[in-house]
Amino acid sequence: MGAAVTKSDGQETKLEAKIIEAVQRRASRGTTMKSFNSIVLKFPKIDEGLRNCKAIFQEFDEDSNGSIDHTELKNCFRKLEISFEEDEINDLFEACDINEDMGITFTEFIVLLCLVYLLKDDSSTLQKKWRLGMPKLEPTFETLVDTFVFLDENKDGLVSREEMVRAIDESGERSSGRIAMKRFEEMDWDKNGMVNFKEFLFAFTQWVGIDENEEEDDDDNNDKA
């Protein structure tokens, strides 16, 4: 996605607090990840899972302009039986609309759905409805949450530079320190030394090979068809 600027308005701060609380609740159940290498081995499976979002994205991009606007997102939530309040939908939209162009791109849509999964993780009723709408995505999103919990050693809902370095150092790679710093810089958009779950998700989509260039290629192919 290239460089991005995180927004710091009150609404996103409120949403970020909810996300941190949700991560901490999830962390209390532990993680199945044993090492950073075990995470890397899951990249192909995660990539495959995230690409399952493409059909969902295209279905709700009703005007086929390559992004989902606010009305289309509300229609998406209604059809998938995801029950969020109006202000919650607004907060999610604004938090994930990184380019501030009033549209959610495919990559942003992946992040948004994963945030929905995390925020509603403790709701058994929602989980039942979620499975009806997107059964193939749940294992992928759970792996992403599990990965973040693994990196967040002190369970404060954020990943520090030191935590990232320790996680990759354990892989035993000779250049692990340099790799860790590069990965962390890719995540830490606002350069505050801490990575939240949203920043992590945007970086992770790039790591497994999903980016905006792919979206543009798809649009070009559709134009030629």
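In full-length UniProt numbering, the protein residues as written are 1 to 225.
Using N, Cα and C, we set each Cβ at its ideal position, and we do this for glycine too.
Note that the coordinates shown come from a computational prediction; the quantities given were computed from them, not determined experimentally.
Problem - Residue from Leu115, Met187, Met164, Leu201 whose Cα sits closest to the Cα of Asn37 - result: Within the sequence shown, residue 37 is the residue found at index 37, counting from 1. The candidate whose alpha carbon is nearest that of Asn37 is Met164.
Handout entry: DSSP state of Glu85 mapped onto helix, strand, coil
Key = Numbered from its first residue, the sequence shown carries residue 85 at position 85. Glu85 falls in the coil class under three-state DSSP.
Practice task
Would you check if the distance between the CB atom of Leu73 and the CB atom of Phe93 is smaller than 7 Å?
Solution key: The residue given as residue 73 occupies position 73 in the sequence shown. The residue given as residue 93 occupies position 93 in the sequence shown. Contact: yes.
Handout entry: Residue burial classification, Arg26 (beta-carbon count within 10 angstroms, cutoff 16)
Key = Start at 1 with the first residue of the sequence shown, and residue 26 comes out as number 26. By the neighbour-count rule (16 or more Cβ atoms within 10 Å), Arg26 is buried.
Exercise for the section: Classify Val149 as helix, strand or coil using the three-state DSSP reduction. Expected result: The residue labelled residue 149 in the question sits at position 149 within the sequence shown. Residue state for Val149 is assigned as helix, using DSSP reduced to three classes.
Exercise for the section: Could you pull the start and end residues of the alpha helix (DSSP H) that Leu207 belongs to? Expected result: Taking the sequence shown and counting its residues from 1, the one referred to as residue 207 is at position 207. Going by the sequence as given, residue 207 is Trp instead of Leu. Run containing Trp207: 197 to 207, per the alpha helix (DSSP H) assignment.
Practice task
Give the range of the alpha helix (DSSP H) segment to which Lys45 is assigned.
Solution key: One-based indexing of the sequence shown puts residue 45 at position 45. Where Lys45 is concerned, the enclosing alpha helix (DSSP H) stretches over 43 to 51.
Practice task
Throw me the rounded Cβ distance for the Phe184 and Arg161 pair, which I believe falls under 8 Å.
Solution key: Taking the sequence shown and counting its residues from 1, the one referred to as residue 184 is at position 184. Taking the sequence shown and counting its residues from 1, the one referred to as residue 161 is at position 161. Contact holds; Cβ gap of about 5 Å.
Problem - Own chain residues within Cβ distance below 7 Å of Glu16, not counting five before or after - result: In the sequence shown, counting from the first residue as 1, residue 16 sits at position 16. The answer, listed in chain order, is Asn196.
Problem - Host alpha helix (DSSP H) of Arg29 (start-end) - result: Translated into positions along the sequence shown, residue 29 becomes position 29. For Arg29, there is no enclosing alpha helix (DSSP H), as DSSP gives it neither H nor E.
Practice task
Taking 7 Å as the cut-off, decide whether the C-beta atoms of Ile68 and Phe60 are in contact.
Solution key: Position 68 of the sequence shown holds residue 68. Position 60 of the sequence shown holds residue 60. Yes, these two residues count as a Cβ contact at 7 Å.
Practice task
Going by DSSP, name the residue or residues bridged to Ile68.
Solution key: By 1-based counting over the sequence shown, the position of residue 68 is 68. DSSP, once it has assigned bridges, lists Ile104 as partnering Ile68.
Practice task
Give every residue of the same chain whose Cβ lies closer than 8 Å to the Cβ of Met33, excluding the five residues on either side of it in the sequence, and list them in chain order.
Solution key: As a first step, residue 33 must be located in the sequence shown, where it is residue number 33. When the five nearest sequence neighbours on each side are left out, the beta carbons in the same chain lying within less than 8 Å of the beta carbon of Met33 are those of Ile39, Asp146, Thr147, Val149, Phe150, in order along the chain.
Practice task
Please report the Cβ distance between Gly49 and Thr107, rounded to the nearest whole angstrom; I am assuming they are in contact, meaning their Cβ atoms lie under 8 Å.
Solution key: On the sequence shown, position 49 is the one that residue 49 refers to. On the sequence shown, position 107 is the one that residue 107 refers to. Cβ atoms of Gly49 and Thr107 stay farther apart than 8 Å, at about 14 Å.
Problem - Alpha carbon of Lys136 to alpha carbon of Arg178, nearest angstrom - result: Here the question's residue 136 lines up with position 136 in the sequence shown. Here the question's residue 178 lines up with position 178 in the sequence shown. One C-alpha to the other measures close to 35 Å.
Handout entry: Where Ser35 sits in the DSSP three-state scheme
Key = If you number the sequence shown from 1, residue 35 lands on position 35. In this structure, Ser35 counts as coil in the three-state DSSP scheme.
Problem - Counted within 10 angstroms of its Cβ, other Cβ atoms place Ala55 as buried (16 or more) or exposed - result: In the sequence shown, residue 55 corresponds to position 55, counting from 1. With fewer than 16 other Cβ atoms from the protein chains shown falling within 10 Å of its own Cβ, Ala55 counts as exposed.
Problem - CB-CB length for Gly157 against Gln24, believed under 8 Å - result: On the sequence shown, residue 157 is found 157 positions in, with the first residue counted as 1. On the sequence shown, residue 24 is found 24 positions in, with the first residue counted as 1. Gly157 to Gln24, Cβ: 5 Å. Contact.
Exercise for the section: State buried or exposed for Phe57, treating a residue as buried only when at least 16 other CB atoms are found within 10 Å of its CB. Expected result: Here residue 57 refers to the residue found at position 57 when the sequence shown is read from its first residue. Phe57 sits buried, since 16 or more C-beta atoms from the chains shown fall within 10 Å of its C-beta.
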